[in-house]
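Going by this note's numbering, the first residue of the sequence shown is number 205, and it counts up by one from there.
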Amino acid sequence: MRNQNPREGKVLARALQLQIFDFLGYQWAPILANFVHIIIVILGLFGTIQYRPRYITGYAVWLVLWVTWNVFVICFYLEAGDLSKVICQLICPSHQ
């Protein structure tokens, strides 16, 4: 049996990682956020069942942040009010 060089395995893992992130493109952030959300929901349910105030408080804070972010994204994509103009001015102040 052939002994594999440990470096060869690292190079293969890195190449696989690059292929996955290239395939996902800009979708890696929402996928990661959804994964974190699922983990926090599980911890929140565990905290509710076991009555652990720290988990319940953490879940409540996360839920407020999650809902706020989703409302922002919905308003941004629906171009509600002047939200897209304000963000454009923040990103490129020279562009009017």
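Note that beta-carbon positions come from the ideal geometry of N, C-alpha and C, so glycine has one too.
Coil, strand or helix - residue i by DSSP
i	result
A284	coil
Y255	coil
C296	coil
Q221	helix
Sequence-distant residues of the same chain with beta carbon closer than 7 Å to residue i, five excluded per side
i	result
W270	H241
W232	F225
Min CB distance residue i to chain B below 7 Å
i	result
Y259	As a matter of chain content, chain B is missing from the structure shown, which is built from one protein chain.
Minimum C-alpha distance to residue i - residue among the options
i	options	result
L249	I224, F239 and Y263	Y263
Close beta carbons around residue i, own chain, < 8 Å, minus the five adjacent residues each side
i	result
I260	G248, G251 and T252
Say whether the region 230 to 246 touches the region 256 to 271, bearing in mind that this needs 3 or more beta-carbon pairs closer than 8 Å, one atom from each stretch.
yes
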